[in-house]
Amino acid sequence: MLAAERRDFLLERLATSGKIVAKDVAVELGLSEDSVRRDLRDLAAAGLCQRVYGGALPVSPAVADYATRTTVEPDSKSRVAVRAAQLVQPGVRVILDGGTTTLAVVGALPGDLACTVITHSPTIAVALLDRPSIEVFLLGGRLFRHSAVTCGAAAVEAAQAVSADLFLLGVTGVHPEHGLTTGDPEEAAMKRALAARAADTYVLASAEKVGAVSPYRVLPLADVAGVVTDTAPENATLRKLRDAGTRVLHAG
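Numbering (our numbering), first residue to last: 3 to 254.
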């Protein structure tokens with residue numbers, strides 16, 4: 003089998019099965035595991051898969067830069083945002099993570115809602131400027147331009163001074179085995195710091211994130227109160243999440 007044919011085979015297997023197990027593919031194709039691993043390295047370098055121990059998993063399109071992410075699955079994000087906004091009750095203190103889905107949550111909040119929003123996203127803070135009934139606390143730190151949020155030691159220190167009832171967490175991957183992941187280590191650390199300051203954390207997972215994996219783990223699924231998603235209930239990955247005890251709130 004030619005290299006191009008192996009690449010097509012691996013991509014098709016990833017699309018249909020949601021994962022590649024290197025040793026199984028090697029046996030199936032009559033190749034060495036080293037050959038399969040080399041092919042997976044090439045696919046990962048091209049951004050077409052996320053390598054993990056023993057094989058590969060789908061890569062999340064949500065690791066793109068902020069401007070690009072605004073064009074990825076906007077309808078899905080809108081459905082998730084509407085459902086997540088229902089968790090924000092009058093009088094609560096809510097931490098809103100950065101990202102395009104949490105920005106959509108701001109637009110889905112009732113116009114007369116009175117609450118407190120804590121965020122490390124300047125974009126979200128600006129979106130709340132015309133909402134006088136919502137008190138806004140913006141956490142400072144080094145601006146991570148890729149996601150338009152503050153990160154780093156100063157931001158983590160600022161997060162430790164706040165507390166909240168609820169954290170709406172944005173990630174780029176939600177996987178039953180690999181947990182919640184994102185594409186940058188400092189951003190992952192900031193998300194963990196924010197989750198530690200909230201009584202309950204809910205993950206906002208538009209369809210393209212479910213079953214995908216990014217390089218840096220944020221939290222295990224056991225550490226969150228639930229996942230808000232518009233992924234079809236019969237989706238295999240979603241079934242595994244429910245079977246593992248994860249609460250799933252369906253949107254749309």
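Where is the CB? At the ideal position from N, CA and C, for every residue including glycine.
With 16 as the cutoff for other CB atoms within 10 Å, does residue i come out buried or exposed?
{"i": "R249", "result": "exposed"}
{"i": "E137", "result": "exposed"}
{"i": "L240", "result": "buried"}
{"i": "Q88", "result": "exposed"}
{"i": "Q52", "result": "buried"}
{"i": "T18", "result": "exposed"}
{"i": "L131", "result": "exposed"}
{"i": "P60", "result": "buried"}
{"i": "L111", "result": "buried"}
{"i": "V158", "result": "buried"}
Tell me whether the beta-carbon of residue i lies closer than 8 Å to the beta-carbon of residue j.
{"i": "G142", "j": "A163", "result": "no"}
{"i": "G2", "j": "D77", "result": "No answer is possible for residue 2: the residues shown for the chain start at 3 and end at 254."}
{"i": "A253", "j": "V82", "result": "yes"}
{"i": "H122", "j": "V151", "result": "yes"}
{"i": "A238", "j": "G56", "result": "no"}
{"i": "S62", "j": "G247", "result": "no"}
{"i": "V230", "j": "R85", "result": "yes"}
{"i": "I22", "j": "A48", "result": "no"}
Can you list, in chain order, the residues of its chain whose CB lies under 8 Å from that of residue i, leaving out five sequence neighbours each side?
{"i": "D167", "result": "V94, R95, V96, A200, A201 and D202"}
{"i": "I126", "result": "L98, G100, T104, L105, V108 and V119"}
{"i": "F139", "result": "T118, V119, I120, T121 and V164"}
Leaving aside the five residues before and after residue i along the sequence, list all residues of the same chain whose C-beta is less than 7 Å from its C-beta, in chain order.
{"i": "S80", "result": "A106"}
{"i": "R40", "result": "none"}
{"i": "P222", "result": "G181"}
{"i": "S135", "result": "D114, L115 and A116"}
The beta strand (DSSP E) that contains residue i, what's its start and end?
{"i": "A234", "result": "From DSSP, A234 is part of no beta strand (DSSP E); its letter is neither H nor E."}
{"i": "R81", "result": "Counting along the chain, R81 falls outside any beta strand (DSSP E), though it belongs to the alpha helix (DSSP H) covering P76 to A87."}
{"i": "D225", "result": "Neither: D225 is in no beta strand (DSSP E) and is coded neither H nor E."}
For the alpha helix (DSSP H) holding residue i, just list the boundary residues, first then last.
{"i": "R9", "result": "A5 to S19"}
{"i": "G154", "result": "G154 to A161"}
{"i": "T1", "result": "No answer is possible for residue 1: it lies beyond the span of the chain, which begins at 3 and ends at 254."}
{"i": "A116", "result": "A116 -> no alpha helix (DSSP H), and no H or E assigned at all."}
{"i": "L130", "result": "Run containing L130: none; DSSP gives neither H nor E here."}
{"i": "L198", "result": "First, the residue type needs correcting, since residue 198 is Ala and not Leu in the sequence shown. From DSSP, A198 is part of no alpha helix (DSSP H); its letter is neither H nor E."}
{"i": "S37", "result": "E35 to A47"}
Excluding the 5 residues flanking residue i on each side, which residues of the same chain have their C-beta closer than 6 Å to its C-beta?
{"i": "G228", "result": "Y204, R249 and L251"}
{"i": "K25", "result": "E35"}
{"i": "R8", "result": "D41"}
{"i": "A46", "result": "R53"}
Determine which residues share a DSSP beta bridge with residue i and list them.
{"i": "T121", "result": "L98 and L140"}
{"i": "A58", "result": "I22 and R53"}
{"i": "H177", "result": "G181"}
{"i": "G172", "result": "L206"}
{"i": "V151", "result": "F146"}
{"i": "V212", "result": "V176"}
{"i": "A166", "result": "A200"}
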